[in-house]
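Chains as they are written, first to last, in our numbering: chain A, 1 to 163; chain B, 1001 to 1751; chain C, 2001 to 2287. Beneath this line is the structure, given in structure tokens, with notes to follow.
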Amino acid sequence: MADGAGKVEIACTVNGERRRFRAYPMARLLDVLREDLRLTGTKEGCGEGECGACTVWIDGEIVNSCLVPVLQVEGSQITTIEGIASGDQLHAVQEAFISCGGAQCGICTPGMVMAAVNLLERTPHPSEAEIRAWLAGNLCRCTGYMKILEAVVRACQAKGVRR
Amino acid sequence: MGAQTEKRLVGRPVPRKEGRDKVTGQARYVDDLVFPGMLHGATVRSPAARGRIHAIQFGEGIPWDEFTIVTAKDIPGENGVALLVPDQPCLADSVVNHPEEPIVLLAHPDNYLLEEARRAVRIEVEPLPAVFTIEDSESKKEVIWGEDNVFKSYLVEKGNVDEVCAHADFIVEGEYRTGAQEQLYIENNGMIAVADPLKGVTVWGSLQCPYYVHKALMTLFGLPAEKIRVIQAETGGGFGGKEEYPSIIAGHAALLAWKSGKPVKIVYDRAEDMAATTKRHPSRTRHRTAVSKDGRLLGMEIDFVIDGGAYTTLSPVVLSRGTIHAAGPYFCPNVRIRSRAVATNAPPHGAFRGFGAPQSIFALERHMDRVARAVGLSPEEFRRRNFIQPGQATATGQVIREDVNMNHLLDRGLELSGYHEKTERFARENPGQQRKKGIGFASFMHGAGFTGSGEEHLASVVEVEATPQGRVRVLAASTEIGQGTNTVFSQIAAEALGLEYDRIEISKPDTAKVPNSGPTVASRTCMVVGKLVESATLGLKQTLIGSGLLQEGFSSAEFERACKRYIETQGPLRARSQYQPPPGIHWDDVRYQGDAYGTYAWAVYVAEVTVDMVTFETEVNDFVAVQEVGKVIHPVLAAGQIEGGVAQAIGYALYENVVWNEGRMLNSQMTNYLMPTAVDVPRIRVFFEELHYPYGPAGAKGIGELPMDGTAPAIVNAIENATGVSLHQIPVTPESLMEALAPLEQAGARG
Amino acid sequence: MRAYLPAYELKAPGNLPAALALLEREPDAWRPMAGGTDLMVLLEADKLPHKKFISLWRLSELRGIEVTLEYVTLGALTTYTQVQAHPILQQEFPLLCQAARETGGIATQNRGTLGGNIVNASPAADSPPALLAYDAQLELVSARSSRWVPYQGFHTGYKQIILRPEELVRRIRLPRAKRAWRQYYRKVGTRKAQAISKVCFAGAAELQGETIRDIRIALGSVAPTVLRCVRTETLLRAEKPSPAAIAAAKNALAQEIAPIDDMRSTAKYRLRVAQNLLEEFLRQLRA
Ligand SMILES: Cc1cc2nc3c(=O)[nH]c(=O)nc-3n(C[C@H](O)[C@H](O)[C@H](O)COP(=O)(O)OP(=O)(O)OC[C@H]3O[C@@H](n4cnc5c(N)ncnc54)[C@H](O)[C@@H]3O)c2cc1C
Ligand code: FES
Ligand code: FES
């Protein structure tokens, strides 16, 4: 149980805001977001990179935050589900998840939304196969994925997709 | 509600009540909650399947004085999880009966140190001989529970099977098996407890049945009802997996809170959740079927056994549903169903969507294809000759009074899937192909609500109350676990009042505030509890009209004024409704005869598959689900329920294989217990036939469990259609398919 | 079962020499960490044997894809996403691109690196069969030395590699083929995405008319290491992929691989499917 070097200071940008905090360098980004920064929208489903409930963006790319040691985000831009809507205005993907029934129990939803929004930023009009492949790392046990696929398709059709 | 009137909300896809919170990450699940001064709790579990606890050793290098440590000795009340039979301890004392059985609880403010401490506790168990299979349990080579390892048995008898079997043209036998299945809700189990001897115990958690937890805590602490409070946090999926086990976790968190005087949170990680909590019961079904030359069922003898694990838990109820569904939607004059739930030294198996029916229906619908082949009929024609018709009686003697038309459902299913064209084409094109295509179907039904007299015993209650602003709040213990309780209740209440959907609020399930509307299980929430919501709401409206403050055809503004006036002059405006069985329902619990369910949902599912003969992998390419579920209250939620259930059942049929070693799950990670991903499910095409059910709210029946029943047999029937190999066991892994194909391939090579 | 975090150290040196110096000083104490997609899973399961880690993630010396006439050279930190996006790799090294596309989900592809996949040395890893089929070479560097070694021979036994504790994998080099190769890759993992391989097959063949002039066959998940099946290759060289040659090759393959039963599959299945994949590959050469 010998102690390592202890906590270190880390600075990064989270949802557009500069943040500084002390953390164990090997702490999972997931825990730092949820426990230290109290951004609990990012969920833990497995802690082993399999379920995607913990999906966030680091410098614009989706990652499983349960597998990222927080030291590696020093200086990075992090976006979580809390940073997707602008104020009261939901993102088109969020709107579509509500209207298409893409969220049932909702525990996979933040991760799904993070992955789906990221896809549409790269590929505004993906095929169904592309959507499926992109979301294959986000497991949902409730929906059977149909309504999630529908929601992503509807979101691309929606006018004025933000960003 | 006799005649079907124009509906404003029922049947419309209104937005999910809590949808916005869920898509923005604002919804609060138990692990998102933090209490000041909170400790984290952990569970030390049995390393052995069965044995006597010799010693508990607390290893070196841990500041044990900083920890709260709880063992069975610290339990203030009874050390039993109150459910059906109190045989399961909350914490094992002196003996253990399955791997991962909880023995010691630890709490500490530092989660990391807590894990280090958990690893430092050594439990020494002197092993006793253990039992791991249905066969070993039946043989009683070791008696591990009661006198004969049998938790419960049933006998359903109709006519005289022995007699017809002696003379029938055909006797067809078969044995079928289904494996354990993990619910795999994406949110692991978790609870937070606050407890002290003066104020009692309060828990917040991820759960399906607040009043189950409530009862369990009363027993565990020996406290009266009003000293226990159970509050549901947002719950990230249940599927039955949060029906009974949360009572144990709540007990654990509360014991630690009681002893430490601090709030305690226990949240399982994935490995612990998979290894320690309940799964679907493994099963074995044997069929012996007598059929006439012209393909009519004469007699069905069915022997159905489920592996209950180490304690009774809900096995008797699971067994009951599996037993009643074992003969399916067919008419047969002579039936004998014997069933048993037997004990093994595995963690107790428990509730999981379908509750015994997926097991016995898998066997039946595989067997029906086999019988059809034996008598020389197509699977379709054979079933058509035997579908149950209105006026005929089921195995339990329940006379079908609804206007069920299985032939029609089958017509639609086959047409929508292109079944006839495809069977013909695949037969023509498959030979010589490396990728073989197949199509298969299953026809089945699922009883809605509790079995037999269950609903009468429950006597569920719902209340509604109005605020002076004219908002209407529904108070029920039925939980939202993703299936849409909040939304559907709001629709029903708003429809009953003739007012806006947004006017309705759903009170969070909190035993201090809501009446007991029963557990959120058995596809009963919409049909049974929804009906209570409807009648309570109508009651509230009637109160206002009866008091002269309101007249039929009222506007929103008039309703608001009336509420305000009523509350000012007469006090709280509330109405309640309690369950009344539909007329003419009779059930004999001793003989297992009578009206097993108030009503059934009926369905035909068709699966199309491709089997790759290079890798023996099966892929589902198309799926058509046709069902009659009464009135569909919310088309999007209803389709979502079916799609989710079908996807889960695709996993059950093809991927989800629990690897056991001496009662312990070895593959307790998502990397080696595989559920379907977004690329593994086909388009799932869902179709509803809507027949108004007079005793459900706005004509609705239950729906949640149905899709779990027919999917796996439809897929395995399709695999047989593709490959010619008849499989009797799920999951059909590529490995098992390869083994099953071997004899056929050898024959092919010779011929 | 999370690990006791305060016991772990993670440092992020600013450049390669600094990282190598740290390794040189205490080679047995420090382990490199790249994308962390293998290591962090072990951390969560409390199965990490080491306590001190050096983050390589920001080392620009280990990044980038460079193309010359002879080689495509990839930094060890090249992620699966970067592999898939590269036009030359797409054209000339489709097996590697396909392996990358079928590794984990997108989030894993964004973090997981080729260097990590190689050094993690799982016999079930998906890129190594492709790298073996391409005769890849590795650059291994330490504070004092730098050497290029053929990837074939890098794995010497289950989780045994020739990398010395003070060394890092810096780059991976793929020789560009002069002539067109017929290529085949197939990963078998029960479900269609995000599955660990039960069998993984990479094959490349150069035909002269109908005759196999050269052939490379590599498999994963069928032996203690990923492996090139050289004896099977030898048997097939200068042969036509006739039914008889295919049957002989399948027999030879069975002698070369040593699959086992485990939680994910059975030895029997792995053997049979490996043979079937070989047959499928060889049949496609006839087409
Ligand atoms: C959900 C999930 C799915 C996965 N699916 C697949 C899959 O389908 N196929 C597959 O093959 N793998 C898969 N993996 C495993 C993993 O993603 C890959 O092995 C990945 O390439 C590892 O790279 P990394 O940079 O993340 O390695 P790390 O975890 O950082 O390191 C892995 C090992 O390599 C060492 N190392 C890393 N870089 C270097 C270097 N430059 N020099 C020396 N040593 C180094 C580390 O010390 C460590 O021992 C999966 C993992 C997850 C979590
Ligand atoms: S919690 Fe990170 S992938 Fe499941
Ligand atoms: S909505 Fe429940 S897991 Fe996806």
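Built from N, CA and C at the ideal position, the CB exists for glycine as well.
Residue S1577(B) holds the alpha-carbon nearest to the alpha-carbon of L1540(B) among F1489(B), V1590(B), S1577(B). DSSP, read as helix, strand or coil, puts F1058(B) in strand.
In the DSSP assignment, D1303(B) falls outside any alpha helix (DSSP H) and lies within the beta strand (DSSP E) extending over 1297-1309. Take the alpha-carbon of K1531(B) and the one of P1519(B): they are about 15 angstroms apart. Closest by C-alpha distance to E2066(C), out of I2172(C), A2274(C), G2157(C), is I2172(C). Distances taken from the Cβ of A53(A) to the heavy atoms of ligand 2 include one shorter than 6 angstroms.
For the 7 angstroms CB-CB criterion, A96(A) and R154(A) form a contact.
Residue side-chain check: P2129(C) keeps its Cβ at 6 angstroms or more from all non-hydrogen atoms of ligand 1. Assignment of beta-bridge partners to S2146(C) by DSSP yields V2141(C). Residue pairing for D1588(B): DSSP places it in a beta bridge opposite Q1593(B). For V1318(B), the enclosing alpha helix (DSSP H) begins and ends at 1315-1325. Taken atom to atom, the span from the alpha-carbon of D1589(B) to that of S1339(B) is near 15 angstroms. Among the bridge pairs identified by DSSP, I1730(B) is matched with T1178(B). A96(A) is not bridged by DSSP to any residue.
In terms of Cα proximity to L2163(C), the closest of Q2084(C), L2174(C), S2145(C) is S2145(C).
Burial state of D1032(B) is buried, judged by a 10 Å Cβ sphere holding 16 or more other Cβ atoms. Per the coordinates, the alpha-carbon of E2239(C) lies some 7 angstroms from the alpha-carbon of A2245(C).
Every beta strand (DSSP E) of 3 residues or more that sits fully in the segment 2194-2270 of chain C is shown, in chain order, as 2199-2208, 2211-2220. Between I107(A) and I1186(B), the CB-CB gap stays under 7 angstroms. With a contact defined as Cβ atoms closer than 8 angstroms, L1573(B) and T1543(B) qualify at about 7 angstroms. Three or more Cβ pairs closer than 8 angstroms define a contact, and the segment 125-142 of chain A falls short of that threshold against the segment 86-93 of chain A.
Per DSSP, reduced to three states, the secondary structure at L1549(B) is coil, with no helix or strand assignment. Looking from the CA of R1012(B), the closest CA among G1548(B), E1500(B), E1619(B), H1634(B) belongs to H1634(B).
In the DSSP assignment, H1287(B) forms a beta bridge with G1174(B), I1302(B). In this structure, E1689(B) has its beta carbon at no less than 6 angstroms from each heavy atom of ligand 2.
Straight-line spacing of the CA atoms in Q1026(B) and L2069(C) works out to 54 angstroms. Taking 7 angstroms as the cut-off between beta carbons, the residues of the segment 2257-2286 of chain C near chain B are M2263, R2264, S2265, T2266, Y2269, R2272, V2273, N2276, L2277, E2280, in sequence order. Here G1440(B) carries a strand assignment [DSSP, helix/strand/coil].
For the pair Q1434(B) and M2033(C), the Cα-to-Cα distance works out to about 43 angstroms.
Spanning the alpha carbons of I1302(B) and V1514(B) requires a straight line of approximately 43 angstroms.
Cβ neighbours of E1116(B) within its own chain (closer than 8 angstroms, five residues either side excluded): I1062.
In the DSSP assignment, G1200(B) falls within the beta strand (DSSP E) that extends over 1200-1205. Collapsing the DSSP output to three states places D1709(B) in a helix. Each residue's CA atom was taken as its position, placing R1229(B) and A1477(B) some 12 angstroms apart. Counting the other CB atoms within 10 Å of its CB gives V2230(C) a total below 16, which places it among the exposed residues. Taking a C-beta distance under 7 angstroms as the contact criterion, A1216(B) and S1247(B) qualify as a contact pair.
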